[in-house]
Amino acid sequence: MFNYLLRRIVSGIIVLGIVSAIVFGIFFILPADPARLSCGKTCSEEQIVKIRHALELDQTLPIQYGRYLKGIFVGRTYLKGTTAELHCSAPCLGYSFQTDQPVTQLLKDRLPATASIAFGASILWLLLGLSSGIISALRRGTWVDKFSQGVALGAASLQIYFVGLVLQFIFVNKLAWLPAPGYSSPLHYPVDWAKQMALPWITLAFLLSAIYSRLTRAGMIEIMGEDYVRTARAKGLNNRTINLKHVLRGAITPIVTVFGLDLGGLLGGAVITEYVFNIPGLGKLSTDAVANLDLPVITGTVIFSAFFIIVANVLVDLLYAALDPKVRIQ
Amino acid sequence: MSSELAPAVKERVEGRSPSRMAWERIKKDRTAKVSGSIILFFILLAILAPIFTWFIHTTPDAFHTEALNQEFGTQPLGKLGGVSGAHWFGVEPRTGRDVFLRFVFGARTSLIIALASTALATVIGVVIGLVSGFFGGKTDLLLSRTMEIVLSFPSILFALAVMPVLENVFQSWGLPEGNGTRIPVMIFILAMFGWPYIGRIVRGQVISLREREFIEAARALGASRSHLIFREILPNLWAPILVTVALNIPTYITAEAALTFLGAGVIDPTSDWGAMLLASVPFYSVDPMFTFIPGFALFMLVLSFSLFGDSIRDALDPRSSR
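Quick mapping for you: the protein sequence lines, in order, are chains A and B. Following our numbering, the numbering of the first sequence begins with 314 at its first residue and continues without gaps. Following our numbering, the numbering of the second sequence begins with 46 at its first residue and continues without gaps.
Below you can see the structure in the form of structure tokens.
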């Protein structure tokens, strides 16, 4: 088990290294002038020269990448020895010349909003998906099952950018039950925070719970036919124990996988959700950076969100091994 | 009793190919018929889009400010976003462009991009999957690691970010500015993130086929590697490839719409469903119809493709159940 854990973590680090190198390479080799792309749409020649100098674009690419990597671990000072010196403490993921802030600071500012969306929505969609899946599986073939699976099928075909606008129209504009979505600090304004987050949570949970509902139902129905469930029943265990301890436990592994990947993907920036609801999270940071051509921020957000995806992948594999003894042996 | 049996005895037993059997199963499947017709309907709309300009006597790009409330904002006059005999689905706020025409021409853009990227991703995925599975060893290690890495990219975010960069590159190769570059770049990006999904499946299938007797027989007869791959193995893979493609098309449709919605896709004046949704954002509270039309169309198309894909899978592999 320990060896497996170690191997999985090392391979995760290698993948992250390769992904970051590719991202860095693509954003710094392909464009004709990365300095211009970092500077934005309204930019003087003078600023471009300064940025070109700060990014050390006259160096070879491996040196540039090496310095970028080094900055992540020990921090970095741009334009060293000049009057315009810019400090960027570790972990330094680059410097946004447009907003005059280190990228790491921008990421730190935006992470709470994204994390609020991701954790709130994930609790809701797990509850919704698992409960409707369990009920469907136990009441298989009844109208309850047909209805919930029909809803799930429909929800799986809906898009956040459509449902989000429709729900906003109904609950914010027409019924006025909720304020316009946004982000307030949960520590200082917990009620506002929950009210503003409600719509993103509901939208995401509704669309994403569909897959969980279908997975839970299919998994449980398959496990119900297993011999060990028959044995449990023959032993005289009550239905509740059989269904929760034996059947659900057996069906939970694929759900854990999908959940880990979904959560990891969202934490790296719920791009579309944040865009639709205008929430200042990581996703909005990156869409704004793309719109303003803020190359360092683009690079930083992509690497940061790849980090979440890879960490989620590794965690899922480890959880999988913990939940399913068969995996450990392989 | 005997009269019921008689025709059955007379009926000639016909040898049927697997594809014919699958086709007959599809024809009996009601879900497949309904979803297939909806898909066909959208495809016909897209193909016949120019014909509608004769009926409506305008183009998707023409401004109709006479249909807008000039004094009070720039919302469409009349109910439901300005639905009328002249404008079947109403007009766009601010510009007064005909929503129905933008909707049918939008179906064109969305379907062309989705189908082209599906085709490109399938070709790349199938070739890489075949090579990876057939040769095994270091080739396989390299190619499957590549797939793993591609899959760990935050795809929407990366696609969004790489769009301006690739647009720059494609333009330097002489493509025209605007959608002339953006559409090829979108197809390229969507395919680059899509091929590993099909590659993985093909690779897995090839690994199990590789050791089968008929391959060994062909090899013993002196068949070349390319003959083995393309003539012996590939024809056995069309069922899983078809199923994967059918189930993947909706992903491309929604990814295209999402990219365009986020502002990194098709831009004005070309009609596109994602672009319509994006254009509707400032107006959804006063003109919900304009949001609803492209959103609902996307929903129907995606749902139909998913259901049709499920039906194809069931028809090709009767053992699998929903």
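Every residue, glycine too, gets a C-beta built ideally from N, C-alpha and C. All figures in this text were calculated on a predicted structure; none of them were measured in a lab.
Nearest residue (CA-CA) to residue i, options the options
| i | options | result |
| --- | --- | --- |
| A/Y607 | B/E256, B/L205, B/L322, B/I228 | Note that residue 607 of chain A corresponds to Asp in the displayed sequence, not to Tyr. That would be B/L205, whose Cα lies nearest to the Cα of A/D607. |
| B/L346 | A/T355, A/D630, A/Q472 | A/Q472 |
| B/I278 | B/L292, B/A263, B/A291 | B/A263 |
| B/T191 | B/Y242, B/F179, B/E69 | B/Y242 |
| A/L580 | A/I361, A/V387, A/S618, A/L478 | A/S618 |
| A/V476 | A/T395, A/I448, A/L520 | A/L520 |
| A/L419 | A/A635, A/G594, A/A634, A/I616 | A/G594 |
| B/P199 | A/F386, A/L480, A/V624 | A/V624 |
| A/I448 | A/L628, A/V584, A/L561 | A/L561 |
| A/V323 | A/N626, A/A635, A/D637, A/D458 | A/N626 |
| B/F306 | B/A320, B/Y297, B/I312, B/D313 | B/A320 |
Contacts that residue i makes with chain A (C-beta to C-beta distance below 8 Å)
| i | result |
| --- | --- |
| B/F306 | Y474, I585, Y588 |
| B/T299 | Q472 |
| B/V290 | Neighbours of B/V290 on chain A: none; closest Cβ ~18 Å, over 8 Å. |
| B/A302 | Q472, Y474 |
Whole-angstrom distance between residue j and residue i, CA atom to CA atom
| i | j | result |
| --- | --- | --- |
| A/I376 | A/G330 | 15 Å |
| B/A152 | B/I338 | 12 Å |
| B/L156 | B/N224 | 15 Å |
| A/Y317 | B/N213 | 44 Å |
| B/A161 | A/A403 | 44 Å |
| B/V14 | B/G244 | Lying outside 46 to 367, the shown extent of chain B, residue 14 of chain B is not represented and no answer is given. |
| A/C352 | A/P609 | 10 Å |
| A/F572 | A/E359 | 49 Å |
| A/C356 | A/A428 | 34 Å |
| B/R367 | A/G538 | Confidence in B/R367 is poor, its pLDDT being 42 and thus under 50, which makes the residue's placement unreliable; the coordinate value appears in the next sentence. The alpha-carbon atoms of B/R367 and A/G538 are separated by roughly 16 Å. |
| B/S82 | B/L343 | 15 Å |
| A/Q643 | A/C405 | Unreliable placement is indicated for A/Q643, whose pLDDT of 48 sits below 50; no coordinate value is reported for it. |
| A/D422 | A/K597 | 12 Å |
| A/G582 | A/L550 | 45 Å |
| B/A93 | A/D630 | This sequence places Leu at residue 93 of chain B; Ala is not what is there. Cα to Cα, the separation comes out at about 49 Å. |
| B/L85 | B/K72 | 15 Å |
| B/L235 | A/S599 | 19 Å |
| B/F148 | B/A159 | 16 Å |
| B/S47 | B/R248 | Confidence at B/S47 is low in this model, with a pLDDT of 48, below 50, so the placement of that residue should be treated as unreliable; the coordinate-derived value is given next. Roughly 53 Å between the two C-alpha positions. |
| A/I616 | B/A324 | 30 Å |
| A/Y381 | A/D413 | 18 Å |
| A/I327 | A/A334 | 11 Å |
Same chain, Cβ closer than 6 Å to residue i, five either side skipped, listed in chain order
| i | result |
| --- | --- |
| A/S526 | G442, S445, G446, A465 |
| A/A518 | A434, L437, W438, L441 |
| B/S351 | P295 |
| B/D74 | S356 |
Sequence-distant residues of its chain with Cβ nearer than 7 Å to residue i (five each side left out)
| i | result |
| --- | --- |
| A/Q509 | P492, P494, G495, Y496, S497 |
| B/T98 | T104, L146 |
| A/P513 | I430, A434, P494, T586, F590, I592 |
| B/F215 | T226, P229, V230 |
| A/A602 | V610, I611, T614 |
| A/D505 | S497 |
Cross-chain neighbours of residue i in chain A, by beta carbon under 7 Å
| i | result |
| --- | --- |
| B/I312 | Residues of chain A passing the Cβ test: none, with the nearest at roughly 13 Å. |
Contact list for residue i against chain A, beta-carbon separation under 9 Å
| i | result |
| --- | --- |
| B/Y329 | L478, V479, Q481, F482, N486 |
| B/E137 | Within 9 Å Cβ-Cβ: nothing; B/E137 doesn't reach chain A, min ~16 Å. |
Contacting residues, own chain, Cβ-Cβ under 8 Å from residue i (five flanking each side not counted)
| i | result |
| --- | --- |
| A/S470 | none |
| B/D362 | A284, V288 |
| B/V176 | T184, L188, I274 |
| A/L392 | K363, H366, A367, E398, L399 |
| A/F620 | L329, G581 |
| B/A10 | Residue numbering for chain B in the displayed model covers 46 to 367; residue 10 of chain B lies beyond these limits and cannot be assessed. |
Under 7 Å from the C-beta of residue i: neighbouring residues of chain B
| i | result |
| --- | --- |
| A/V615 | P199, L202, F203, A206 |
| A/G433 | Simply none; closest approach about 20 Å. |
| A/I339 | V207, V210 |
| A/L471 | F344 |
Any non-hydrogen atom of the ligand MN closer than 8 Å to residue i Cβ
| i | result |
| --- | --- |
| A/S497 | Summarising the ligand content, the structure contains no ligands, and the ligand MN is consequently not present. |
Neighbour list for residue i in chain B, Cβ cutoff strictly below 8 Å
| i | result |
| --- | --- |
| A/G578 | P199 |
| A/G582 | P199, L202 |
Where residue i meets chain B, residues with beta-carbon distance less than 9 Å
| i | result |
| --- | --- |
| A/I623 | S197 |
Contact with chain D by residue i, beta-carbon distance below 9 Å
| i | result |
| --- | --- |
| B/E193 | The structure shown contains no chain D; the protein chains it does contain are A and B. |
### Task
Can you give me, in chain order, the residues of the region 216 to 241 of chain B that have a beta carbon less than 8 Å from any beta carbon in chain A?
S217
### Task
Could you list the residues in the region 333 to 352 of chain B with a C-beta less than 7 Å from some C-beta on chain A, going in chain order?
P333, T336, G340, L343, F344, V347, L348, S351
### Task
Check each residue of the region 596 to 621 of chain A: if its Cβ is closer than 7 Å to any Cβ of chain B, include it; give the result in chain order.
S599, T600, V603, A604, L606, I611, T614, V615, S618, A619
#### Entry: Short-range partners of chain B found in the region 319 to 340 of chain A, where Cβ spacing is below 7 Å
V328, I331, V332, I339, F340
#### Entry: Contact list for the region 419 to 447 of chain A against chain B, Cβ threshold 8 Å
none
### Contact list for the region 549 to 576 of chain A against chain B, Cβ threshold 8 Å
none
### Interface residues of the region 449 to 462 of chain A facing chain B [CB-CB below 7 Å]
none
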